[in-house]
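The block underneath contains the structure these notes are about, expressed in structure tokens.
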Amino acid sequence: MARQVRYRSGVDGVTGKLLTGKAHLAQSLAVLWTTRPGQRFMLLDFGDDLRAFLAEDITPDLALDIYDDLVTATHSFEPEYRIANLQLVSLTRIGGLGLRHDGTYYPEGRLGNYAIAEPFGDLAPLAAREALARRFAA
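So the sequence shown is residues 1 to 138, counted in the UniProt record's numbering.
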């Protein structure tokens with residue numbers, strides 16, 4: 001007999017509605033990738049310092065540094081997701097940078113159970129301002 005999957009749940013940071021499963025994972029990744037290290041009390045190493053790359057021309061070396069930072073932060077703080085592919089994409093005409101990612105979602109990864117796996121992919125803005133603008137436009 002198959003048992004029920006224990007999805008993580010939380011509250012949407014904008015609407016206050018309940019989030020579960022992949023929607024919660026998408027919000028968690030957005031928070032992780034737009035939070036600077038040292039910004040969270042008692043979690044000083046949480047986040048990713050993508051702002052260090054602002055005003056830099058995108059070169060293959062810089063793209064690799066961004067990829068390395070994102071994968072390291074994700075694998076350190078999000079046990080339910082393993083990145084398989086990252087792609088930098090333009091979101092706006094004025095150069096808003098986004099990230100198309102896909103990988104494997106493990107709904108019970110936080111419990112150490114990696115037997116249940118689902119594909120997951122999303123397009124995430126790499127700036128909090130753009131993330132909010134996209135959410136309110138929808």
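Ideal Cβ positions, reconstructed from N, Cα and C, are used throughout, including at glycine. As the structure is a computational prediction, the values presented were derived from the model and not from experiment.
On the three-state DSSP scale, how would you describe residue i?
i	result
L132	Here L132 scores only 47 on pLDDT, less than 50, and its place in the model should not be relied on; the value that follows carries that caveat. L132: helix per DSSP, three-state reduction.
D68	helix
L19	strand
L54	coil
T104	strand
R6	coil
residue 191	The structure shown does not extend to residue 191, since the chain is modelled only from 1 to 138, so the question has no answer here.
P60	helix
R77	Per the sequence presented here, residue 77 reads as Phe, with Arg not at that position. Helix.
Is the beta carbon of residue i sitting closer than 7 Å to the one on residue j?
i	j	result
D122	A26	yes
D48	W33	yes
L86	H101	yes
I58	V71	no
L97	A124	no
G112	Y81	no
Per the DSSP calculation, residue i is bridged to which residue(s)?
i	result
S90	L97
G38	Looking at the DSSP assignment, G38 forms no beta bridge with any residue, so it has no partner.
E118	Y105
A124	L99
N85	D102
With residue i and residue j assumed to form a contact (beta carbons below 8 Å), what rounded beta-carbon distance in angstroms separates them?
i	j	result
T15	Y7	That belief does not hold up - the Cβ atoms of T15 and Y7 are roughly 19 Å apart, past 8 Å.
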